[in-house]
Structure formats: C-alpha cells, structure tokens
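Sequential numbering of the sequence shown, starting at 2, is according to the numbering used here. Glycine included, each C-beta is placed from N, C-alpha and C at the ideal position.
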Amino acid sequence: MILHSDLLPTGRGDADPWWMNAVLYQIYPRSFQDSDGDGVGDLQGIVRRLEYLAQLGVDIVWISPIYRSPQADNGYDISDYRDIDPLFGDLETFDALVARAHELGMRIVMDLVVNHTSVEHPWFVESATGPDSARRDWYYWRDPRPGAVPGTPGAEPSNWESFFGGSAWEYDPASGQYYLHLFAREQPDLNWENPEVRDAVYDMMNWWLDRGVDGFRVDAIDVISKRPGLPDGGPARAPFGVGHECFADGPRLHDFLQEMHERTFARHPGSFTVGEASNASPESALLFCDPDRRECTLLIPCEPVSLGQKTGKFSPRTLAAGELADVMSTWQEALGERGWNALYLENHDQPRAVSRFGDPHGAWYESATALATAYFLQRGTPFIYQGQEIGMLGGHFTRPSDFRDVESLNYLSAHPGEGVPAGLAAISRDNGRTPMQWDSSPAAGFTSGTPWIDLPPSASSIHVERQLADASSVLAFYRALIDARHRVPALTSGSFRRVDAGDPGLFVYVRSSEGSEVLVMTNLSGRAITPRGVFFDEDLSPSRWALYLGNMASPIDSSEAEAGDPLPSSTMAPWEARVYLR
Ligand code: BGC
Ligand code: MG
C-alpha cells in the first residue's frame, strides 16, 4: 500500500448540508457483537464497539431493526415500533447507545420498516379478528377470486408473487379472506391509502426523532403505494416476480413520501433519510432525492448490486468486463449535480463484494481494496457494511441446515431434494450475515457462546485485530479513503466524470470542484492493462498529479517518492487501484 497523507488538506473540510462529506456504517445488530453469550449480537455489544467506529472515521451509524419482533425476517417484521426486542436489549440501553455515539461525534439512523408489520403487531392482530374490525382496512384483505375454491392454488385475489417466493396472498380460513404480504407471510402489508395508518406511522417516527435518533433508513419504500384495484400483473420481469409493476412505484408513492417528509423530517431540521428503492432506475431516481421535492435525503438504488441476477435471483451469471463500472457510471451521470445517492457494494441482503465481484482467493487484498476505491470516491454518501472494511468473505454453506434466512429457506423448500444449489450458496442473504470477525478466537471475538449462524473458514485469517496492527491492511486502506472523503473538497461536492481509458477492465473517473481534483484509477480485472488514449489529453497530463493512495506495494522509499510513484499512464497490475490528487 502506498499512502501519502501529507498530500491531504489538514482538517476536515466544510460541507453544507453536513452529510455531503459523511461516511455511513451499517450495523446488522444480530451479527455485530454479542455481549451476553447468547450467540446473538446486542446493543450492549454495539456500545462496546462504538469507539472502534469513531476511530475508523464513521459519521453515521445505521442500525438494522432492533424493535420488538418475532424475528421471522430478522427484525424486518416488527410487532412493537416503540420498544427494543429483548434479544437486543432495552430502551435504556438504546438511549445510552445514542448518547455515547453523539459524544463520539456520530449520528444514529434507525431502520424504518413501514411497508408492513409483523403478524404479531397488535394492529394486525386486531385487523385479523374479522371483517368488522375497526382496523380491518389497515391491511389489504380481499375475497378469493370469484368461482375458485378458497384456499386452493389459483383462488388468490391476484397473481402477485412475494419477493420471497410463492404467492403474495395468505388465506385466512376464519374470515374466508386473504391478506397481502409482499415479503414473508409473517409480514402483512399496511394499507397506506388509509390516513389513520399514515398518522400512526408519522407519530411513531416523531417519537424516535424526539428521542434523539438522527434519521431513518426507510425500508422497501417504493412499494407502499399499490395500483388501485390490485389487478393481476403481466409476465414476470426478472429479477422481480409477477405483479411487481402493480406495486412498485405506485401512483401515490411520491405523495406519501412528500407527506412523510413534511410531517416528520421537516420538523427535525438536519435529520437524515435514506430511501431504499429496489425499483428505482436512473430515470426515476431524482424523483426521490431531488432536494426541491422534499422526499428523501438520499436514495439506495439496488441496480448495481442486483447485477447478474437478470435470470432469477439464485441463478446468477458471470458479469461481463466493465459491467459493474458501467452501471455505477450510469447512476452517477443520471443523478448529476442534483441528486444524491448511497454508494455501496454490500449490505445485509447481499453477498460479500469480494466474493462476488472480486477474486477472493487469488487477489483477496488487491480486489478488496480496488473495489473499495472504485465505489467509495464517487459522488454520494459511501456506505460501509460491517466487515466490509476488513474484506470479509461470504459464508460457507454446504448443507440446507446451514441456512437461516427466510428467503433462502423458502427457496430450499420450493426445491426439495436438490441439496444446496450453487446459486443459493453464492447469493443467499446469509452470506452477508455471518458474525463480525474481531479477533482470532474460535467465534472471532463475536460471542463467548455459540453464534446463531456459522462463521466462514476465512474468519481465522481475516479479522480486525490483525488488521489494526498492519499499516497496509484493508482496514488501513478504508481509513485512508475515509480521510480523503473528509478532507478533499472535490470529494464533497465535486462533479463526477468518467474517463475512457481504452479497456473495459479499467474504471477511471475524475471528481472536480473549484481548485481541487481527484483522479481515481482502478483495474477491476485480473489482467494487467495499460491505459490508452485519454492521457495524451493535456487536461489529464500525468506529470500534474500526485499519488495519494495505491494498493500495490510501495516501489520506492519515501526520499524518492515523487520520482518513483507510478504515473497515471503506466500499466496497471491486476486489481490495482490508485488515487491521485491535484
Ligand atoms: C430489507 C430486507 C427485508 C425486506 C423486507 C428489505 O429490502 O433490506 O432485509 O427482508 O426489506 O422488510
Ligand atoms: Mg446477545
């Protein structure tokens, strides 16, 4: 690793609004740090690790759901929005966590899951008592298809498929009606058309904002408005199932988001909202995040991480050279100077980036750092998913009993007798949910008990303790990227311009603002490639750049630094990454 920190401006630069030079870290609480030996991470565990995050340079911590929940979808099925699940702790510990994070200069963002609740939420329990319930209309209850035998295949009110496989409708023999669940059957969809539902949601959001949380990551936000009449959908458009066009980007979606903004975030100046929109496209993205529209601070697009799933989620295909870079650039160009999005390669729904887009065996370090460089310095807010900063790899799932995730379990039961299909092992959400690897002890320092899901074999060599002691580690590299985001003006508000370097394996871009420029060069392939063409352009002339960061061993000692540093026009080794400043 080559690092010339002396090239950075001293101290943190200005940013207005504040999040423009912030870095976000996502915690999946179940797998971050256990403190009581039950094998499941908890709030006390997070508190213990807050200093680690502060030292890394994290500004915002997003915590996946910790509310009271039967855990059918690991907390994305909430039975009480105003309490903490005992698995994770209690409100008092949560308040202490927020207070400590604030002391350390970090903000806390909660996950907000309001497309659906748990079947155990009192609202649904009441709604399910029968057609006369005062809360019947808080959810989508519908009669069977006329003429069909209720409860048999084909009798569902529409042909919509759940994101997790199978029909999106569940039959309730007691009332003879079905309820809608776009996700698991334990996650009934709230009816956002009902103003009482929206009032209840906004009240709850304000309750948390008043309590001191700094914002929300709004889960599955683009499916809250359903097409009137809930009609049958046309043929599936992979990776989505049948009916997706009838509930994604529905007719009242943006009215609801604007109302939510006005009733909650607008009353809490400086609060931060991240909308997760699986269907958003470069064309629709600005509708969510153009500041004048007052909806979300930023958008989580899903297209870059859904790459290669075009023939169905669990039948991935190999990506073509340059495909990832092309999609990322399309989003950058579409958002331009107005939009703002989440930059990310991993989260709790995705496999580990190195396992998926890199070379985990032949070039683990190089591909982890090259992928990091490629996404982290674009325009937007970089998200780091726990463990990504040490280059964690995916799980090692060989038996059906190794899986925990509801989506993976549904898939296994729909494909009995097939063992563990390779596509499932590669793409299962469990890949990103293995415990955080803190040290070399048997459960990687995550728990003193038995972890709720197995650690991969790579845990013994990839862990925080080792990387903290190594000035060239993946962790040290991330820290250098974070420092640059905090201090270099072009990385705060600068424009993004992709540069054609003559080969699809190279992803090269320039960020510019007045008086500050950054040239990012990455080779996202396993071949050595010499950049072509562009560097003869006077504007990018090699001699005018200073190398700040690189992921190859330093070829020089510091006294010869300037003369020996590789120039932008020199051949890039497989998975090489360089960051130049001027
Ligand atoms: C979350 C998933 C969750 C789903 C349903 C998402 O997009 O990220 O983890 O299963 O919403 O709440
Ligand atoms: Mg615990």
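Run the CB neighbour count on residue i, radius 10 Å, all protein chains shown included, and call it buried at 16 or more, exposed below.
i, result
"His-182", "buried"
"Pro-145", "buried"
"Gly-38", "exposed"
"Glu-518", "buried"
"Glu-187", "buried"
"Leu-92", "exposed"
"Thr-572", "exposed"
"Pro-292", "exposed"
"Ser-402", "exposed"
"Glu-347", "buried"
"Arg-199", "buried"
"Gly-309", "buried"
"Gly-76", "buried"
"Arg-1", "Absent from the structure is residue 1, since the part of the chain shown begins at 2 and ends at 583."
"Ser-272", "buried"
"Asp-256", "exposed"
"Arg-357", "buried"
"Ser-526", "buried"
"Ala-326", "buried"
"Asp-204", "exposed"
"Asp-471", "exposed"
"Pro-556", "Because Pro-556 sits at a pLDDT of 49, beneath the cut-off of 50, its placement in the model cannot be relied upon, and the following sentence gives the value as read from the coordinates. With fewer than 16 Cβ atoms within 10 Å of its Cβ, Pro-556 is classed as exposed."
"Ala-564", "At Ala-564 the pLDDT is 48, less than 50, meaning the model places this residue with poor confidence; the figure from the coordinates comes in the next sentence. With fewer than 16 Cβ atoms within 10 Å of its Cβ, Ala-564 is classed as exposed."
"Ala-78", "The sequence shown places Asp at residue 78, rather than the Ala named in the question. Buried: at least 16 other Cβ atoms inside 10 Å."
When the distance is taken between beta carbons, is residue j closer than 8 Å to residue i?
i, j, result
"Trp-63", "Arg-212", "no"
"Pro-505", "Ala-322", "yes"
"Asn-116", "Ile-225", "yes"
"Gly-359", "Ser-368", "yes"
"Leu-258", "Cys-247", "no"
"Asp-1", "Arg-50", "Residue 1 cannot be examined here, being either before or after the span of the chain that is shown, 2 to 583."
"Ala-502", "Arg-533", "yes"
"Leu-595", "Ala-481", "With the chain represented from 2 up to 583, any question about residue 595 goes unanswered, as that position is not in the structure."
"Pro-584", "Arg-143", "Nothing can be reported for residue 584: it is not among the residues displayed for the chain, which extend from 2 to 583."
"Leu-44", "Leu-113", "no"
"Ala-286", "Gly-251", "no"
"Arg-512", "Leu-344", "no"
"Trp-124", "Thr-130", "no"
"Val-120", "Pro-189", "yes"
"Val-328", "Ala-185", "no"
"Ile-307", "Pro-240", "Per the sequence shown, the amino acid found at residue 307 is Ser instead of Ile. It is a contact, given that the beta carbons lie within the stated cut-off."
"Arg-294", "Asn-207", "no"
"Leu-254", "Asp-223", "yes"
"Gly-446", "Asp-455", "no"
Which same chain residues, not among the five before or five after residue i, have their C-beta less than 6 Å away from its C-beta?
i, result
"Ser-279", "Cys-303"
"Asp-81", "Arg-69"
"Ile-385", "Tyr-26"
"Val-580", "Val-521, Tyr-549 and Leu-550"
"Cys-297", "Thr-274, Gly-276, Phe-289 and Cys-290"
"Ser-459", "Leu-394"
"Ala-547", "Leu-8 and Leu-582"
"Ala-444", "Pro-452"
"Thr-523", "Ala-371, Thr-374, Ala-375, Phe-508 and Ala-578"
For residue i, collect the residues of the same chain with a Cβ closer than 8 Å to its Cβ; drop the 5 residues on either side in sequence, then sort them by chain order.
i, result
"Leu-9", "Asp-484, Ala-485, Arg-488, Val-489, Tyr-549 and Leu-582"
"Gly-155", "Arg-146 and Ala-149"
"Glu-561", "Annotation note: pLDDT 49 at Glu-561 (below 50); position unreliable, no value reported."
"Pro-132", "Trp-142, Ser-176 and Gln-178"
"Gly-14", "Asn-22, His-487, Arg-488, Val-489, Pro-490 and Thr-493"
"Ser-95", "With the sequence shown as reference, residue 95 is identified as Phe, and Ser is not the correct amino acid for it. The residues are Leu-44, Ile-67 and Ile-85."
"Leu-541", "Val-500, Val-511, Leu-520, Val-535 and Pro-569"
"Ile-391", "Gln-438, Ile-463, His-464, Val-465, Gln-468, Ser-474, Val-475 and Leu-476"
"Trp-19", "Gly-271"
Apart from the five residues just before and just after residue i, which ones in its own chain have a Cβ nearer than 7 Å to its Cβ?
i, result
"Leu-568", "Pro-543"
"Val-41", "Arg-31, Asp-35, Leu-88 and Trp-453"
"Ala-23", "Asp-60, Ile-61 and Thr-382"
"Tyr-29", "Ser-65, His-349, Gln-387 and Arg-434"
"Asp-558", "With a pLDDT of 41 at Asp-558, under the threshold of 50, the modelled position of that residue is not reliable, and no figure is offered here."
Less than 8 Å between CB atoms is the rule here; does residue i satisfy it with respect to chain C?
i, result
"Ala-373", "Protein chain content of the structure displayed is limited to a single chain, and chain C is not contained in it."
Report yes or no: do three or more beta-carbon pairs, one from the stretch 406 to 422 and one from the stretch 160 to 173, lie closer than 8 Å? yes
Are three or more beta carbon pairs between the stretch 419 to 436 and the stretch 344 to 364 nearer than 8 Å? The stretch 419 to 436 makes contact with the stretch 344 to 364, as at least three CB pairs between them are under 8 Å.
Three or more beta-carbon pairs under 8 Å between the stretch 95 to 110 and the stretch 167 to 181, yes or no? no
Restricting to runs no shorter than 3 residues, where is the beta strand (DSSP E) found entirely within the stretch 408 to 465? none
So does the stretch 324 to 340 actually touch the stretch 490 to 502, counting three or more Cβ pairs closer than 8 Å? The stretch 324 to 340 vs the stretch 490 to 502: in contact.
In chain order, which continuous runs of the alpha helix (DSSP H) of length 4 or greater are located wholly inside the stretch 229 to 296? 245 to 248, 254 to 264 and 286 to 290
Every unbroken alpha helix (DSSP H) inside the stretch 369 to 415 [4 residues or more]: 407 to 415
Scan the stretch 30 to 76 and note each continuous alpha helix (DSSP H) run of 4 residues or more that stays entirely inside, going in chain order. The stretch 30 to 76 is shown to contain whole alpha helix (DSSP H) runs of 4 or more residues at 44 to 57, in chain order.
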